[in-house]
Every structure is written in structure tokens, then in C-alpha cells.
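Chemist:
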Amino acid sequence: MKFVLISFIIALVAASVAAQECSDPHEEYTDCIPFPECYRSCYMQNPPGCEVPECDGSGCTCQPNYVRDNHGYCIHYTHCPAVFARKFFARK
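Under my numbering, the residues of the sequence shown are numbered 7 to 98, in order.
1) Give the DSSP bridge partners of Thr-36, in chain order.
2) Taking only three categories from DSSP, how would you classify His-85?
3) Provide the residue span of the beta strand (DSSP E) that contains Arg-46, from first to last.
4) Using CA coordinates, which residue listed in Pro-70, Cys-66, Tyr-83 and Ala-88 is at the minimum distance from Phe-42?
5) With 16 as the cutoff for other CB atoms within 10 Å, does Val-73 come out buried or exposed?
6) Cβ atoms of Cys-44 and Ile-56: under 7 angstroms apart, would you say?
7) Using only alpha-carbon positions, find the residue among Glu-33, Met-50 and Thr-36 that is nearest to Ala-88.
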């Protein structure tokens, strides 16, 4: 019986650790992700009113100096395309 209980606890801990891994190499797991309106993106790198965002739970967020592109990936903010009139244009 002890073996089954210990095996269950180990499996639970392993599943918890796996859930804290992020798929994007420029993401990191945090216990405090912001609400969607405060996500940093190429279109809005510093959303107004989000200087100290409130927590919306835990999960993966872009690392410092990285923002979401229009495909949802974290890219360095200097690699964002130019944005004019809410349309994306590739940088030359």
C-alpha cells in the first residue's frame, strides 16, 4: 500500500513539474501572469494601465525584452515588424 501511495505522489509531482515547462524557448513559467489586456505584444509593447499588472493565475509568459508577435510567439521586441494604422509591415 505504501508503494502505491508513494508512486502516486511521485507521479503527481512529475506532472506538476511538466506543467510548468513552456513550449516557446523565450517563455518562462510564472505564478503571476497578467490579464490578456496586459500582454505585451509587437502591437502594444507597454499597454496603458498595466505598469503593475494584476495576476490572472499561473502559466507561461514572455521573458524580459520579449513580446508576442502576431502569431503568438515570443520574439525580441527589436524584431517586431513596423506597425502603422494597426497593420503589420515587415522590417527591411
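For glycine and all other residues, C-beta sits at the position ideal for the given N, C-alpha and C.
Quick caveat: nothing in here was measured; it's all calculated off a predicted structure.
Modeler: Reading off the structure:
1) As a beta-bridge residue in DSSP terms, Thr-36 pairs with Gly-65.
2) If DSSP states are grouped into helix, strand and coil, His-85 belongs with the helices.
3) No beta strand (DSSP E) contains Arg-46, which DSSP labels as neither H nor E.
4) One detail in the question is off: residue 42 reads as Pro in this sequence, not Phe. Ranked by Cα distance from Pro-42, the first of Pro-70, Cys-66, Tyr-83 and Ala-88 is Cys-66.
5) Under this definition Val-73 is a buried residue.
6) Correcting the residue identity first, residue 56 is Cys in this sequence and not Ile. Closer than 7 angstroms, so yes.
7) Looking at Glu-33, Met-50 and Thr-36, the one whose alpha-carbon comes closest to that of Ala-88 is Met-50.
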